[in-house]
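Asker: Protein chains in written order, with UniProt numbering: chain A, 1 to 238; chain B, 1 to 238. Here it is, the structure in full.
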């Protein structure tokens with residue numbers, strides 16, 4: 001059954017999905033949906049996902065969106081996917097699911113709120129919003145603290161004490177890679193205090209390379225392009 | 001194995017969990033954590049859930065938080081739970097999971113943002129925030145429109161075309177019951193245009209009664225108490 005993924009590699013959940021498939025030898029066609037060209041709002045794409053968001057998936061004639069739902073669906077649809085990605089043990093699975101659910105209103109909300117409103121918005125024709133950025137930063141720092149002191153305290157290298165990554169590691173680490181859009185000083189200021197988080201990002205890269213680095217090349221290219229377009233110190237009020 | 005749920009029935013995901021267990025004949029002990037008395041931040045409760053949030057669960061010695069993770073865990077831990085609550089068919093399950101994931105940054109974010117900042121905040125010692133309320137209202141209305149025009153368009157009475165409710169119906173309808181904290185005019189203004197949503201709320205009540213109404217009694221008592229405490233027209237700037 002043909003698998004087609006509609007993604008833009010500057011989108012963090014898009015990257016998680018592409019890295020997951022490549023790491024598991026799942027064959028798929030990658031349809032590039034350029035967010036900067038607003039292709040996610042085109043009539044053709046809205047037929048695939050009425051929410052107008054990437055990533056989206058079509059498997060045979062089955063359409064699905066929301067990256068966590070797609071990732072966990074693929075672990076069931078492709079039995080060759082190793083158990084650690086979404087454990088069959090119901091308690092371990094519940095813990096992975098708990099991280100995935102926590103992510104939405106914590107790390108994701110904080111990282112998107114801070115990075116978009118302090119850096120990326122002008123690339124999408126939207127003014128910077130210092131107040132929203134400040135709220136995002138607060139949520140981002142609190143989430144990093146929770147990751148460092150709670151989610152990563154267990155015995156294993158990965159979330160909820162696993163020795164090998166789950167879909168939650170991939171989703172959350174791809175989210176944190178958006179910090180690459182920040183100036184280096186700012187990124188160091190934010191990530192610096194969280195040593196376990198830094199080690200976990202490295203461990204997740206290692207566990208999914210060469211795919212992790214290859215899929216993130218687009219992020220670094222976009223970063224160079226976007227930073228060039230933004231005059232230093234550009235600010236506009238909310 | 002003993003099941004203990006730490007809940008406050010004014011919390012919408014707490015109610016979803018209690019109604020789910022009662023509807024499925026799952027025996028549990030209900031530990032009341034009074035949010036107004038800040039019991040969710042007490043050292044004893046932080047031992048149960050370091051995030052300091054309800055609902056939380058302890059099953060034997062297994063601790064879990066995040067209501068969606070708890071609900072889906074219970075469908076696996078109690079095989080007597082009927083399949084429609086979290087379908088074993090992988091595509092149907094993925095669709096339910098997609099709604100659950102969509103909920104976090106859409107209906108939940110909008111409903112909490114609007115209702116808390118326009119009505120409930122003073123009961124927790126926090127000033128009203130008209131700007132945050134306006135942002136919440138926008139997200140809430142967009143989410144109701146998506147529910148009415150997309151999630152509820154399928155053949156069945158319930159989300160993603162089911163004839164019987166899933167955990168997603170219960171989670172989202174309990175969220176919408178928070179609208180009861182609003183003045184009647186305001187609630188009608190918000191829900192009025194969305195006929196399918198109104199019917200679906202009724203259908204979910206019917207499918208889970210008498211438990212739905214019994215568990216919501218606390219909400220109506222809290223509503224009367226909170227509305228009495230708030231002087232009409234009280235506003236404070238963000």
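Idealized CB from N, CA, C, for every residue including glycine.
In chain order, what residues of the same chain have a beta carbon less than 6 Å from the beta carbon of residue 158/B, not counting five sequence neighbours either side?
Answerer: Position 158 of the second chain holds residue 158/B. Cβ within range, chain order: 165 and 169.
Asker: Label residue 155/B either buried or exposed according to how many other C-beta atoms from any shown protein chain fall within 10 Å of its C-beta, with 16 as the threshold for buried.
Answerer: Indexing the second chain from 1 puts residue 155/B at position 155. With fewer than 16 Cβ atoms within 10 Å of its Cβ, residue 155/B is classed as exposed.
Asker: Would you verify that the beta carbon of residue 101/A is, or is not, closer than 8 Å to some beta carbon of chain B?
Answerer: On the first chain, position 101 is the one that residue 101/A refers to. True, the Cβ-Cβ gap to chain B drops below 8 Å.
Asker: Could you tell me which uninterrupted alpha helix (DSSP H) segments, each at least 4 residues in length, are contained entirely in the stretch 73 to 157 of chain A, listed from first to last along the chain?
Answerer: Within the stretch 73 to 157 of chain A, the complete alpha helix (DSSP H) runs of at least 4 residues are 90 to 103, 109 to 115 and 130 to 146.
Asker: Check whether the Cβ of residue 98/A lies closer than 8 Å to any Cβ atom in chain B.
Answerer: For the purposes of this step, residue 98/A is taken as the residue at position 98 of the first chain. Taking Cβ atoms only, chain B reaches closer than 8 Å to residue 98/A, which makes this a yes.
Asker: Name the DSSP beta bridge partners of residue 8/A, please?
Answerer: For the purposes of this step, residue 8/A is identified with residue 8 of the first chain, where counting begins at 1. Answer is none; residue 8/A lacks a bridge partner.
Asker: Grab the span of the alpha helix (DSSP H) containing residue 171/B for me, first residue to last.
Answerer: The count along the second chain starts at 1 and reaches residue 171/B at position 171. Here the alpha helix (DSSP H) through residue 171/B covers 167 to 176.
Asker: Residue 119/A: buried (16+ other C-beta within 10 angstroms of its C-beta) or exposed?
Answerer: To locate residue 119/A, count along the first chain from 1; it is residue 119. Buried, because 16 or more other Cβ atoms sit within 10 Å of the Cβ of residue 119/A.
Asker: Check the Cβ-Cβ distances between residue 180/A and every residue of chain B, and say whether any is below 8 Å.
Answerer: What you label residue 180/A is simply residue 180 of the first chain in a count that begins at 1. Residue 180/A does not count as touching chain B.
Asker: When burial is assigned at 16 or more other CB atoms within 10 Å of the CB, is residue 95/A buried or exposed?
Answerer: Residue 95/A sits at position 95 when you count from the first residue of the first chain. That one is buried.
Asker: Return the CA-CA distance between residue 125/B and residue 89/B, expressed in angstroms with no decimal places.
Answerer: Here residue 125/B refers to the residue found at position 125 when the second chain is read from its first residue. Here residue 89/B refers to the residue found at position 89 when the second chain is read from its first residue. One C-alpha to the other measures close to 46 Å.
Asker: Would you say residue 234/A faces chain B, with C-beta separation under 8 Å as the test?
Answerer: Here the question's residue 234/A lines up with position 234 in the first chain. Caution applies to residue 234/A, whose pLDDT of 43 falls short of 50 and renders its modelled position unreliable; the value that the coordinates give is listed next. Not one chain B Cβ lies under 8 Å of residue 234/A.
Asker: With 8 Å as the threshold, decide whether the Cβ of residue 50/A is near any Cβ in chain B.
Answerer: Counting from 1 along the first chain, the entry for residue 50/A is found at position 50. With 8 Å as the cut-off, residue 50/A counts as an interface residue toward chain B.
Asker: May I ask you to list the residues that DSSP assigns as paired with residue 32/A?
Answerer: Along the first chain, read from residue 1 onward, the residue named residue 32/A stands at position 32. For residue 32/A, which the question treats as bridged, DSSP gives the partners 7/A.
Asker: List the residues of chain B whose Cβ lies closer than 8 Å to the Cβ of residue 68/A, in chain order.
Answerer: Translated into positions along the first chain, residue 68/A becomes position 68. The answer, in chain order, is 97 and 101.
Asker: Measuring only between beta-carbons, confirm whether residue 139/A sits less than 8 Å from chain B.
Answerer: Taking the first residue of the first chain as position 1, residue 139/A is located at position 139. No, residue 139/A lies away from the interface with chain B (no Cβ there is under 8 Å from its Cβ).
Asker: Which value, in whole angstroms, describes the spacing of the CA atoms of residue 182/A and residue 171/A?
Answerer: Numbered from 1 along the first chain, position 182 holds the residue referred to as residue 182/A. Numbered from 1 along the first chain, position 171 holds the residue referred to as residue 171/A. Approximately 19 Å between the Cα atoms of the pair.
Asker: I need the boundaries of the alpha helix (DSSP H) containing residue 195/B, first residue and last residue.
Answerer: Along the second chain, read from residue 1 onward, the residue named residue 195/B stands at position 195. Taken as a continuous stretch (DSSP letters only), the alpha helix (DSSP H) holding residue 195/B covers 195 to 208.
Asker: By Cβ distance, which residues of its chain are closer than 6 Å to residue 167/B, with the 5 residues on each side in sequence left out?
Answerer: Position 167 of the second chain holds residue 167/B. Result list for residue 167/B: 71, 85 and 86, in chain order.
Asker: Taking beta-carbon pairs under 7 Å, can you tell me which members of the UniProt domain "GST N-terminal" (1 to 82) of chain B lie near chain A?
Answerer: From the UniProt domain "GST N-terminal" (1 to 82) of chain B, only 50, 62, 64, 65, 66, 68, 69, 72, 73, 76 and 77 have a Cβ closer than 7 Å to chain A.
Asker: Taking any Cβ of chain B, which residues in the stretch 188 to 218 of chain A have a Cβ under 7 Å from it, in chain order?
Answerer: From the stretch 188 to 218 of chain A, no residue has a Cβ closer than 7 Å to chain B.
Asker: What does the alpha-carbon distance come out to for the pair residue 179/A and residue 140/A?
Answerer: Counted from its first residue, the first chain places residue 179/A at position 179. Counted from its first residue, the first chain places residue 140/A at position 140. Between residue 179/A and residue 140/A, the C-alpha separation is close to 11 Å.
Asker: Under the three-state reduction of DSSP, which class applies to residue 63/A: helix, strand or coil?
Answerer: Counted from its first residue, the first chain places residue 63/A at position 63. Reduced to three states, the DSSP call for residue 63/A is strand.
Asker: Could you tell me if residue 16/A is buried or exposed, where buried requires 16 or more neighbouring beta carbons within 10 angstroms of its beta carbon?
Answerer: Along the first chain, read from residue 1 onward, the residue named residue 16/A stands at position 16. The residue is buried, with at least 16 neighbouring Cβ atoms inside 10 Å.
Asker: Grab me the residues of residue 12/B's own chain with a C-beta within less than 6 Å of its C-beta, minus the 5 sequence neighbours each way, in chain order.
Answerer: In the second chain, residue 12/B corresponds to position 12, counting from 1. If we look at residue 12/B and ignore the five residues flanking it on each side, its Cβ neighbours are 174, 175 and 178.
Asker: In terms of alpha-carbon separation, which member of 103/A, 24/A and 150/A lies closest to residue 209/A?
Answerer: On the first chain, residue 209/A is found 209 positions in, with the first residue counted as 1. Out of 103/A, 24/A and 150/A, 24/A has the C-alpha closest to the C-alpha of residue 209/A.
Asker: How many angstroms separate the CA atom of residue 64/B from the CA atom of residue 37/A?
Answerer: As a working note, residue 64/B is residue 64 in the second chain. As a working note, residue 37/A is residue 37 in the first chain. About 42 Å.
Asker: Taking residue 90/A as the query, report the chain B residues whose CB atoms sit under 8 Å from its CB, ordered along the chain.
Answerer: One-based indexing of the first chain puts residue 90/A at position 90. Here the neighbours are 73, 76 and 77.
Asker: Is it the case that the stretch 28 to 46 of chain B contacts the stretch 75 to 82 of chain A, given that we only count it when at least three CB pairs across the two stretches are under 8 Å?
Answerer: No: fewer than three Cβ pairs fall under 8 Å.
Asker: Going by CA-CA distance only, name the one from 123/B, 92/B and 54/B that's closest to residue 225/B.
Answerer: Locating residue 225/B in the second chain gives position 225, counting from the first residue. For residue 225/B, the nearest C-alpha among the options comes from 123/B.
Asker: By alpha-carbon positions, which one of 117/A, 106/A and 161/A ends up nearest to residue 51/B?
Answerer: Here the question's residue 51/B lines up with position 51 in the second chain. For the residues 117/A, 106/A and 161/A, the minimum Cα distance to residue 51/B belongs to 106/A.
Asker: May I ask which residues mark the beginning and end of the alpha helix (DSSP H) holding residue 183/B?
Answerer: For the purposes of this step, residue 183/B is taken as the residue at position 183 of the second chain. Where residue 183/B is concerned, there is no enclosing alpha helix (DSSP H), given that its DSSP letter is neither H nor E.
Asker: I'd like to know whether the C-beta of residue 94/B is nearer than 8 Å to at least one C-beta of chain A.
Answerer: Along the second chain, read from residue 1 onward, the residue named residue 94/B stands at position 94. Residue 94/B counts as touching chain A.
Asker: Would you identify the three-state DSSP class for residue 57/B, choosing helix, strand or coil?
Answerer: For the purposes of this step, residue 57/B is identified with residue 57 of the second chain, where counting begins at 1. Correct three-state label for residue 57/B: strand.
Asker: Closest to residue 93/A by C-alpha separation, out of 103/B, 104/B, 112/B and 62/B, would be which residue?
Answerer: Residue 93/A sits at position 93 when you count from the first residue of the first chain. The shortest C-alpha separation from residue 93/A is found at 62/B.
Asker: Beta carbon of residue 10/A, beta carbon of residue 219/A: below 8 Å?
Answerer: Position 10 of the first chain, counted from the first residue, corresponds to residue 10/A. Position 219 of the first chain, counted from the first residue, corresponds to residue 219/A. Closer than 8 Å, so yes.
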